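Enquirer: Let me begin by handing over the structure; questions about it come next.
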Amino acid sequence: MPHYLITNENKSGVGLKAHTLKQNFYVGRYSLMFLVLFFVGILSFVYLVHFNGTATRGYEIARLEYERDELLNKREQNNISLSESQTLEFVKNSSRIQQMRTPKEVNYYWPVKDNEVALAK
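Each residue of the sequence shown is one higher than the one before, counting from 0 in numbering that gives the first Met the number 0.
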C-alpha cells in the first residue's frame, strides 16, 4: 500500500509519495526456523570445505617431507659411496703406494705377559 504525504501546497492529484525506510517485514515461526537452519547449514558446509582443504594440504606436506628425507638419505649414501671410491682410487694411484713391494717374510708379535712380547713366524 503506497504512502502519501500531504503538503500545504494546493496541487491537484494525489500528492507526493513519501520515502520511508521503515517497512514491516513479518516472518512466521516456521519460516524463521527454516532460515536459521539454512544459514547454519551453509556455514557448516563452508567450514567443512575449508577444513577438508587444510587437512589435504597437511597430508601433502607430510608426504613431501617424507620424500625429502628419503632423498636426503639417498644423497648422503651416494656421497659416502663416492668418497670411498675416490679414496681407494687415490690410495691405489699414489706414488708412495706404487713404490711399495710385497714382503718376503712376515713376523707377528703378540704380548705374552705384561711387558714381554713373543715373536711368531
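Just so it is clear, CB atoms sit at the ideal spot from N, CA and C, and this is done for glycine as well.
Every value quoted in this text rests on a predicted model; they were computed, and no experiment measured them.
Does the distance from the CB of residue 96 to the CB of residue 105 come in under 8 Å?
Expert: no
Enquirer: Output the boundary residues of the alpha helix (DSSP H) element that contains residue 107.
Expert: From DSSP, residue 107 is part of no alpha helix (DSSP H) but of the beta strand (DSSP E) over 107-110.
Enquirer: Could you check the C-alpha separation between residue 109 and residue 93 for me, to the nearest Å?
Expert: The C-alpha of residue 109 lies about 31 Å from the C-alpha of residue 93.
Enquirer: Please state the DSSP three-state secondary structure of residue 91.
Expert: helix
Enquirer: Please report whether the beta-carbon of residue 45 lies at a distance below 8 Å from any beta-carbon of chain C.
Expert: In the structure shown, chain C cannot be found, because there is only a single protein chain.
Enquirer: Using only the alpha-carbon positions, how far apart do residue 88 and residue 79 sit?
Expert: 14 Å
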